[in-house]
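Numbered according to our numbering, the sequence shown spans residues 2 to 485. For glycine and all other residues, C-beta sits at the position ideal for the given N, C-alpha and C. Small disclaimer: the values here were computed from a predicted structure and weren't measured. Quick notes on the structure that follows.
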Amino acid sequence: MRRKIMGMNYLRLAEVFAQPKKNKTVSVRGWVRTFRANRFIALNDGSTQQNLQCVVDFENTEQALLKKINSGAAVQITGKLVESMGSGQSVEVLVEQLNVVGEADPELYPIQPKKHSFEFLREKAHLRVRTATFSAVMRIRSVLSFAIHQFFQEKGFCYVHTPIITGSDAEGAGEMFRVSTLDAKNPPLDDEGAVDYKQDFFGKETHLTVSGQLEGETYAQGLGNIYTFGPTFRAENSNTSRHLAEFWMIEPEMAFYELEDNMNLAEAFIKYILEYILGKCEKDLEFLDQRLANEEKTKPQNERSPMGLIEKIKFVVENDFKRVSYTEAIDVLRNCKPNKKKRFEYLIDEWGADLQSEHERYLVEKHFNAPVILYDYPAKIKAFYMRLNEDEKTVRAMDILFPGIGEIVGGSQREERLEVLEKKIETLGIDPEELWWYLDLRRFGSTPHSGFGLGFERLVLFATGMNNIRDVIPFPRTPQNASF
Ligand code: 4AD
Ligand code: MG
2 MRRKIMGMNY LRLAEVFAQP KKNKTVSVRG WVRTFRANRF IALNDGSTQQ
52 NLQCVVDFEN TEQALLKKIN SGAAVQITGK LVESMGSGQS VEVLVEQLNV
102 VGEADPELYP IQPKKHSFEF LREKAHLRVR TATFSAVMRI RSVLSFAIHQ
152 FFQEKGFCYV HTPIITGSDA EGAGEMFRVS TLDAKNPPLD DEGAVDYKQD
202 FFGKETHLTV SGQLEGETYA QGLGNIYTFG PTFRAENSNT SRHLAEFWMI
252 EPEMAFYELE DNMNLAEAFI KYILEYILGK CEKDLEFLDQ RLANEEKTKP
302 QNERSPMGLI EKIKFVVEND FKRVSYTEAI DVLRNCKPNK KKRFEYLIDE
352 WGADLQSEHE RYLVEKHFNA PVILYDYPAK IKAFYMRLNE DEKTVRAMDI
402 LFPGIGEIVG GSQREERLEV LEKKIETLGI DPEELWWYLD LRRFGSTPHS
452 GFGLGFERLV LFATGMNNIR DVIPFPRTPQ NASF
C-alpha cells in the first residue's frame, strides 16, 4: 500500500516493520513521539504500536532544524533502513532528509513524553490518540467492529440500519433525549397548557433511540436473521465508569430462535470477535497487557487481578460460559459472605430483587470465576417485550455478565403471542396505539424469535483492559460533558 504524494513513495510504519527493506532507502512520515539526545527520533504514524527510531546526523544538521524536532511535530523522513544496534527495535532509519511539516511548540503542546493521567488526557481528547495507549485502544476498537460485521456476514445475517430518531421508547425506561425544533423559550402550547408537539418538526414527540430492537424485530420477521450496529442514546444520570450517554450497540434479532439458540449465538459471537483480535492485534494487546500489569503492581496484593489481559481474553475464548437461572443466582447471593456481612451496598433478601453491578461482579469474579449467562429473570424487573414463562412470574431474559464489567449483553426471547403482549402492555400503561406496528408482527405470521444487545464500549473495555468507558470511545458523552 503505497501513496504517491509530492513525488515520493511513503511507507506506513506497519509496512516497514512487516517486511523491512534493509539497506534500502525508505520514506516515512508521522509524528514525533520523542526526540532524545538531539539524535534519536521515535516516530509514530498511527499504523502500529511500534515507533520507528530515526537517527539524525546532528553534526551535519542545522541547529534551527534540530530545534523544530519536538514531541508532537509532524515530519517526513527519508533515509536508509538498517539493522538497529539499539535494543527494543529490529531496524532504524539513518536520516538523510528531514522535513518538519508541522511544528509543535514544546511550551504549548500538552502531550509531553511523560506519564499523563487518563483524567488529564480526557480533557485533551482531541490529542490523546497520539499516545501509545489510546492509539492501541482505538485500533483494537476498529478491528473489533470489523470482526463483528464479519461474524454476522459469514452467518448470512442482514445488516439493517434502524432509525436514530424514533417515536417509541423501546426499553420503556423513559431515559430519552428529546429531538425537537420548537423554540425552547417559547414553545407552542395546547388547550391544556402543555407543549404542543403536534406543531413540532415531526408532528409528534420524538427522541433519540435507546435501542434499535423493535424496528430490528420487524426486519427479522421478513429477512430471518438481522443485526444492527449503531449509536444509541440514554439520558440516564449514571456517572459511572460503565455508562455513556451515547454508546454503540450491536443488536441481532433472529426469527424462529428460542432462548437457548439466542444464548448459543451470543456466546459464539463474543468468542469469535475476541479470538479475532488475539490473531490480529497482537502487538497492541501485548502493549496493553503490560500497561495493565504495571497498573496492577500499584494496587495492594489482595486487590490485584489474578489474570493478565491476554490471559483473560483467552480464558473467555476457551471456556464455556456458566449458564445460571436468576433463581439459582439469588440463592447464591443471599447466602454469600458480603451479603451476610452487609458489605453489599444493596442487600439481597428476597427473590425479585434487581441485581446491581456489585452482585453481578460477585457472581462472575468470586463465585463462578467465569462469564455467566443469567436467564429467566422476574418479569417485574425486565422490559415489556420479553416472553412470559409458564410459571407466569419469570420471563425468558438472558444477561451476560463479564469479569470487571458486569452486564455486557442484555437480551431475551420475545413475546410472540398477541394476547399475552397486549395484556402486558395494558398492565404497564403503555399506549397500544404507539406500538400498533409492533403488535402487527404478532398478528401476521408471528414466530418465536429472540435477540440481544451487546454494549460495544463495554466489550472494548474488556478487550483492552482499560478501566473507564470514557477511555474507549473517541469523544465520550456523559452527564455535564459533551466537549469536542
Ligand atoms: O440491556 P439493554 O438495555 O438491552 C437493550 O437495549 C435491548 N433492547 C437489547 C436487545 O435485546 N436487542 O442494553 C444492552 C447492552 C447492555 O448489556 C450494556 O452492555 C449496554 O447495552 N449498555 C450501555 N453501555 C454503555 N453505556 C450505557 N449507558 C449503557 N446502557 C446499556
Ligand atoms: Mg440490560
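Of all the options the options, which has the alpha carbon lying nearest to the alpha carbon of residue i?
i	options	result
LEU460	ARG471, VAL102, GLY452, HIS450	ARG471
SER484	PHE178, GLU124, LYS383, MET255	GLU124
THR49	THR328, GLU408, GLU287, ASP377	GLU287
GLN51	TYR378, GLU93, THR167	GLU93
PHE385	ASP192, ARG418, LEU190	ARG418
LEU67	TYR378, LYS81, ALA105	ALA105
LYS381	ALA354, SER358, HIS368, GLU359	ALA354
LEU289	GLY309, GLU276, LEU122	GLY309
ARG37	PHE59, LYS22, ASP184	PHE59
LYS313	ALA246, PHE463, LYS300	PHE463
GLU155	PRO189, LYS425, VAL473, TYR228	TYR228
GLY87	ILE42, GLU427, PHE119	ILE42
GLU120	GLU261, ILE474, ASN469, PRO107	ASN469
ASN39	VAL17, ILE70, GLU423, PHE18	ILE70
Compute the beta-carbon to beta-carbon distance between residue i and residue j, rounded to the nearest angstrom, for a pair I have assumed lies under 8 Å.
i	j	result
ILE165	PRO232	7 Å
GLN77	VAL102	6 Å
PRO253	PHE153	7 Å
ILE149	ILE274	6 Å
TYR378	VAL365	Actually they do not touch by this definition, with Cβ atoms about 16 Å apart.
SER72	PRO114	5 Å
ILE409	LEU455	6 Å
THR35	ARG292	Going by Cβ atoms, the distance from THR35 to ARG292 rounds to 18 Å, so no, they are not a contact pair.
LYS272	VAL318	5 Å
GLU84	LYS22	The Cβ separation is near 12 Å, so there is no contact.
Does the distance from the CB of residue i to the CB of residue j come in under 8 Å?
i	j	result
GLU259	GLN414	yes
MET467	VAL130	no
GLY217	VAL161	yes
ILE141	CYS337	no
TRP32	ALA65	no
GLY446	GLN222	yes
CYS159	LEU266	no
LEU436	SER169	yes
LYS323	ALA269	no
ILE251	PHE234	no
MET255	HIS117	no
LYS25	LEU109	no
VAL373	VAL325	yes
ARG201	THR182	A small correction: the amino acid at residue 201 is Asp; Arg does not occupy that position in the sequence shown. Yes.
ASN226	GLY157	yes
ARG335	ILE349	yes
THR479	LEU128	no
LYS176	ALA126	According to the sequence displayed, residue 176 carries Glu and not Lys. No, Cβ-Cβ distance for GLU176 and ALA126 is not below 8 Å.
LEU375	TYR327	yes
THR79	SER28	yes
THR448	PHE257	yes
Evaluate residue i with the Cβ neighbour count: other Cβ atoms within 10 Å of its Cβ, from every protein chain shown; 16 or more gives buried, anything less gives exposed.
i	result
HIS208	buried
GLY8	Residue confidence for GLY8 is low, a pLDDT of 47 falling below 50, so the modelled location carries little weight and cannot support an answer.
TYR11	buried
ASN295	exposed
GLY412	buried
PRO477	buried
ARG305	exposed
ASN45	buried
LYS186	exposed
ASN340	buried
THR347	According to the sequence shown, residue 347 is Tyr rather than Thr. TYR347 comes out exposed.
GLN98	exposed
TRP249	buried
LYS367	exposed
LEU429	exposed
LYS383	buried
GLN20	exposed
ARG388	buried
THR465	buried
VAL17	buried
State yes or no: is the C-beta of residue i nearer than 7 Å to some heavy atom of the ligand HEM?
i	result
GLY411	This structure lacks the ligand HEM; the ligands present are the ligand 4AD and the ligand MG.
- Ranges of the beta strand (DSSP E) found wholly within the region 50-108, counting only runs of at least 3: 53-56, 75-84, 92-103
- Query: Which runs of the alpha helix (DSSP H) fall wholly inside the region 214-295 and span at least 4 residues, in chain order?
  - Reply: 214-224, 260-281
- May I have a chain-ordered list of the beta strand (DSSP E) segments no shorter than 3 residues that lie completely inside the region 407-435? 407-414
- Message: As an exercise, report each continuous beta strand (DSSP E) stretch of at least 3 residues that is fully enclosed by the region 344-385, in chain order.
- Response: For the region 344-385, whole beta strand (DSSP E) runs of length 3 or above, ordered along the chain, are 373-379.
- Query: Hey, which unbroken runs of the alpha helix (DSSP H) at 4 residues or more fall wholly within the region 113-168?
  - Reply: 119-123, 133-155
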